[in-house]
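Peer 1:
Protein chains: 2
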Amino acid sequence: MQQVASPAFKSCSDCPIRHRAVCAKCDSDELELLEDIKYYRSFSAGQTVMWAGDHMDFVASVVSGVATLTQTMEDGRTQMVGLLLPSDFVGRPGRGEAAYTVTATSDLVMCCFRRKPFEQMIGTTPHIAHRLLEMTLDELDAAREWMLVLGRKTAREKIASLLSIIARRDALLGLAPPGKELQFELPLTREAMADYLGLTLETVSRQMSALKRDGVIILAGKRVVTVPDMDRLMTEAGDDSDGGYLV
Amino acid sequence: MQQVASPAFKSCSDCPIRHRAVCAKCDSDELELLEDIKYYRSFSAGQTVMWAGDHMDFVASVVSGVATLTQTMEDGRTQMVGLLLPSDFVGRPGRGEAAYTVTATSDLVMCCFRRKPFEQMIGTTPHIAHRLLEMTLDELDAAREWMLVLGRKTAREKIASLLSIIARRDALLGLAPPGKELQFELPLTREAMADYLGLTLETVSRQMSALKRDGVIILAGKRVVTVPDMDRLMTEAGDDSDGGYLV
DNA sequence: CGTAATTTTGATTGTAGTCAATCCCCGTGG
DNA sequence: CCACGGGGATTGACTACAATCAAAATTACG
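Sequences listed follow chains A and B, in order.
Counting the first sequence from 1 gives a position; the working numbering is that position plus 555.
Counting the second sequence from 1 gives a position; the working numbering is that position plus 555.
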């Protein structure tokens, strides 16, 4: 299944998520303690990292790639409840069971910390505890934003919302070219988009086609999206273009 | 508007939310420090505690009563994103602006902490920081559970889910009589239920009637609900009755 | 190139939304 | 004491949006 992997960098100080992850505030002494309890694991696109209910003896940071958290009902209905990007944190200190199924949607590298020693470090290392609180509060804000999308937006607005979230994030990370025109790659299949938005994949496909027909987006292949006018997309999402005190 | 109120108890040690709120883990020295930065405020049912975007110079615990967190789009569509019960925490350390509108749905008493000194205490008092992290993680779990409800459940399942959440909570707090039969009072109007569940109030009303007609619930007046068979209600909610590792 | 997986498009159905009327419970005032 | 009024809740008729069922088309891949 998964492999224990050596990533392309040597130590925490070279880590690409060094200043965004749960370890962001740690000094070099603290990083050394973390080095002792950490190991890397890699997953290829499509692999399940863990199933809801599995025993879990680690928590982890996403180093590279994209993963999803999903919840599934007995009859198969599935809802994505989290989208994990590089630097995001997986797992809950104090809980030995996975609450959600975690799936790699692209090739994925995770930096795993053995759970027990990590929990102890939370008690002894305020830098970690504080950063974890900050990240959890951000997650909670994102979940609440998402609740508005799920509960009150139309299918078209839902798609536009998802696209604008991804577009903004990529722009923020400097992954997008400059200029007014934004371009990015969707890290999700149509089905994953449907699970994110509480729609069927047919509806996702129809609304993507409609947004394309109306010139809100331009598609190159299935996955590469160009947004000629970001304000237009935000309007389609039902967000005021000036909103977004939180990026 | 709101009044500075004296609650029915004298000090933190007599406080009804003493062992569940953000101060749950504090020792008496720490409580004394909190006493210095806290004050009580009361609101009557229906009052708005604060509007999204308002300046906020405090964070708070709900002492008694029920409040809601809501998000509203420009055209008026409203989604509840949090239901605040006694011991729940309001506000985000480090943020001076309210992200959501807070409304009292019953008479409400809040224990407010001046924001700046409270933020400093988070840094110096691990008992508070740790409890706040724990509570935030619980909130995040609740939000994710809720996302499944919003995204994937039918109107009938949504209503049954909400009722079972309230029923379980009341049973847990010992508010309900013993026996197999559960009875509780809805702390929400039909409109608030609709905002919680991403429905219209007409649909809420119809599904309440349907559940009553089918014998899943018994209504005494509009607000008092009796559940003759909790497992039946859970099944209607689409949850397996054995689920719920987290109450 | 051929097969499977993913996506798009089409036709039809069904659930919840909308618009509208009525009801019910209370409190108020004539 | 009863009429009145208002907010909340229920019920009804109709509509619309997204789901479902089904087929075709495009892409990825061995």
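The beta-carbon is built from N, C-alpha and C at its ideal position, and this holds for glycine as well.
1. Buried or exposed for Ser764(B), please, with buried defined as at least 16 other CB atoms from any protein chain shown within 10 angstroms of its CB.
2. Would you mind giving the Cβ-Cβ distance between Met702(B) and Val636(A), rounded to the nearest angstrom? I have them listed as a contact below 8 Å.
3. Specify the secondary structure class of Arg575(A) as computed by DSSP and reduced to three states.
4. Since Ile683(A) contacts Cys578(A) with CB under 8 Å, what's their CB separation in whole angstroms?
5. Using a Cβ-Cβ cutoff of less than 6 Å, which residues in the same chain neighbour Asp643(B) once the five nearest sequence positions on both sides are dropped?
6. Counting only C-beta atoms, is Met628(A) closer than 9 Å to chain B at any point?
7. Across the stretch 592 to 604 of chain B and the stretch 776 to 793 of chain A, are there enough close Cβ pairs to call them in contact, namely three or more that are closer than 8 Å?
8. Along the stretch 673 to 700 of chain A, what residues have a CB closer than 8 Å to any CB found in chain B?
9. Within the 9 Å Cβ cut-off, does Gln634(B) reach chain A?
10. Counting only beta-carbon atoms, is Met556(A) nearer than 9 Å to chain B?
11. Tell me which residue opens and which closes the alpha helix (DSSP H) that Ile721(A) is part of.
12. By how many angstroms is the C-alpha of Glu587(B) removed from the C-alpha of Ile772(A)?
13. I'd like to know if the stretch 750 to 764 of chain A and the stretch 685 to 700 of chain A are in contact, where contact means that at least 3 CB-CB pairs between them fall below 8 Å.
14. Tell me the rounded alpha-carbon separation between Ala654(A) and Gly706(B).
15. Near Pro562(A), what residues of its chain come up, given a Cβ to Cβ distance below 7 Å and the 5 sequence neighbours on each side ignored?
16. Considering just the uninterrupted stretch of the alpha helix (DSSP H) at Arg707(A), what are its terminal residues?
17. Ala654(B) touches chain A at which residues, Cβ-Cβ below 7 Å?
18. Going by beta carbon distance, what residues of the same chain come within less than 7 Å of Leu801(A), once the five residues before and after it are set aside?
19. Please return the same chain residues whose Cβ sits closer than 6 Å to the Cβ of Arg575(A), not counting the five positions on each side in sequence.
20. What does Leu705(B) reach in chain A if we use C-beta pairs closer than 8 Å?
21. Taking the alpha-carbon positions, what's the Pro681(A) to Val704(A) distance?
22. Met647(B) versus chain A: which residues are under 7 Å apart at the beta carbon?
23. Is there contact here, the stretch 750 to 762 of chain B with the stretch 706 to 716 of chain B, by at least three beta-carbon pairs under 8 Å?
24. Return the residue from the list Ser568(B), Thr633(B), Gly753(B) and Ala698(B) that minimises the CA-CA distance to Leu589(B).
25. DSSP on Glu674(A), reduced to helix/strand/coil?
26. With a CB to CB cut of under 8 Å and the five nearest residues on each side skipped, what residues in its chain are close to Asp582(B)?
27. Using only CA atoms, which one of Glu791(A), Gly753(A), Glu674(A) and Leu756(A) lies nearest to Asp769(A)?
28. So who's on the other strand from Glu757(B), going by DSSP bridges?
29. Quick one: using the 10 Å Cβ neighbour count with 16 as the cut-off for buried, is Glu652(A) buried or exposed?
30. Does any residue of chain B have a CB that is nearer than 9 Å to the CB of Leu638(A)?
31. Go ahead and pull the three-state DSSP assignment for Glu751(B).
32. In the structure shown, what three-state DSSP assignment does Cys567(B) receive?
Peer 2: So, to answer that:
1. Counting from 1 along the second sequence, the entry for residue 764(B) is found at position 209. Exposed.
2. As a first step, residue 702(B) must be located in the second sequence, where it is residue number 147. As a first step, residue 636(A) must be located in the first sequence, where it is residue number 81. Taking 8 Å as the upper bound for CB-CB distance, Met702(B) and Val636(A) are in contact here, some 5 Å apart.
3. Here residue 575(A) refers to the residue found at position 20 of the first sequence. Per DSSP, reduced to three states, the secondary structure at Arg575(A) is coil, with no helix or strand assignment.
4. Numbered from 1 along the first sequence, position 128 holds the residue referred to as residue 683(A). Numbered from 1 along the first sequence, position 23 holds the residue referred to as residue 578(A). About 7 Å separates the two Cβ atoms, so the contact holds.
5. By 1-based counting over the second sequence, the position of residue 643(B) is 88. Taken in chain order, the residues that qualify are Val617.
6. Taking the first residue of the first sequence as position 1, residue 628(A) is located at position 73. Met628(A) belongs to the set of residues whose beta carbon lies under 9 Å from a beta carbon in chain B.
7. No, because fewer than three Cβ pairs between the stretch 592 to 604 of chain B and the stretch 776 to 793 of chain A fall closer than 8 Å, the two stretches do not touch.
8. Hits within the stretch, in order: Ile677, Gly678, Pro681, Ala684, His685, Leu687, Leu688, Glu689, Thr691, Leu692, Glu694, Leu695, Asp696, Ala698, Arg699 and Glu700.
9. Within the second sequence, residue 634(B) is the residue found at index 79, counting from 1. True, the Cβ-Cβ gap to chain A drops below 9 Å.
10. To locate residue 556(A), count along the first sequence from 1; it is residue 1. Because the pLDDT at Met556(A) is just 45, under 50, the model does not fix this residue reliably, and the point stays unresolved.
11. Indexing the first sequence from 1 puts residue 721(A) at position 166. According to the DSSP assignment, Ile721(A) belongs to the alpha helix (DSSP H) that extends over Ala710 to Leu727.
12. As a working note, residue 772(A) is residue 217 in the first sequence. As a working note, residue 587(B) is residue 32 in the second sequence. A straight-line Cα-Cα distance of about 58 Å links Ile772(A) and Glu587(B).
13. No: the two stretches stay apart, fewer than three of their Cβ pairs being nearer than 8 Å.
14. By 1-based counting over the first sequence, the position of residue 654(A) is 99. By 1-based counting over the second sequence, the position of residue 706(B) is 151. The alpha-carbon atoms of Ala654(A) and Gly706(B) are separated by roughly 18 Å.
15. The count along the first sequence starts at 1 and reaches residue 562(A) at position 7. Once the five neighbours on either side are set aside, the close Cβ partners of Pro562(A) are Tyr595, Val618 and Val664.
16. On the first sequence, position 152 is the one that residue 707(A) refers to. Its alpha helix (DSSP H) spans residues Pro681 to Arg707.
17. Taking the second sequence and counting its residues from 1, one reaches residue 654(B) at position 99. Asp696, listed in chain order.
18. On the first sequence, position 246 is the one that residue 801(A) refers to. Any reading at Leu801(A) must be qualified, since the residue scores a pLDDT of 40, below 50, and its modelled position is unreliable; no value is offered.
19. Reading the first sequence from its first residue, position 20 is the one you call residue 575(A). For Arg575(A), the CB contacts under 6 Å within the same chain, skipping 5 residues up- and downstream, are Ser642 in chain order.
20. By one-based count along the second sequence, residue 705(B) stands at place 150. By Cβ distance, chain A contributes Met702, Leu705, Gly706 and Gly753.
21. By 1-based counting over the first sequence, the position of residue 681(A) is 126. By 1-based counting over the first sequence, the position of residue 704(A) is 149. Cα to Cα, the separation comes out at about 35 Å.
22. Working through the second sequence from its first residue, we reach residue 647(B) at position 92. Residue identity differs from the one stated: residue 647(B) is Arg in this sequence, not Met. At a beta-carbon threshold of 7 Å, the residues of chain A lying near Arg647(B) are Leu692, ordered along the chain.
23. Cβ pair count under 8 Å is three or more, so yes.
24. Along the second sequence, read from residue 1 onward, the residue named residue 589(B) stands at position 34. Of Ser568(B), Thr633(B), Gly753(B) and Ala698(B), the smallest CA-CA separation from Leu589(B) is found for Ser568(B).
25. The residue you call residue 674(A) lines up with position 119 of the first sequence. Here Glu674(A) sits in helix by DSSP.
26. The sequence position of residue 582(B) within the second sequence is 27, counting from 1. Answer for Asp582(B): His682, listed in chain order.
27. Along the first sequence, one-based indexing puts residue 769(A) at 214. Residue Glu791(A) is the option with its Cα nearest to Asp769(A).
28. Within the second sequence, numbered from 1, the residue matching residue 757(B) stands at position 202. Under DSSP, no beta-bridge partner is assigned to Glu757(B).
29. Counted from its first residue, the first sequence places residue 652(A) at position 97. Exposed is the call here.
30. Taking the first residue of the first sequence as position 1, residue 638(A) is located at position 83. By this cut-off, Leu638(A) is not an interface position.
31. As a first step, residue 751(B) must be located in the second sequence, where it is residue number 196. Per the sequence shown, residue 751(B) should be read as Tyr rather than Glu. It is helical.
32. If you number the second sequence from 1, residue 567(B) lands on position 12. It is helical.
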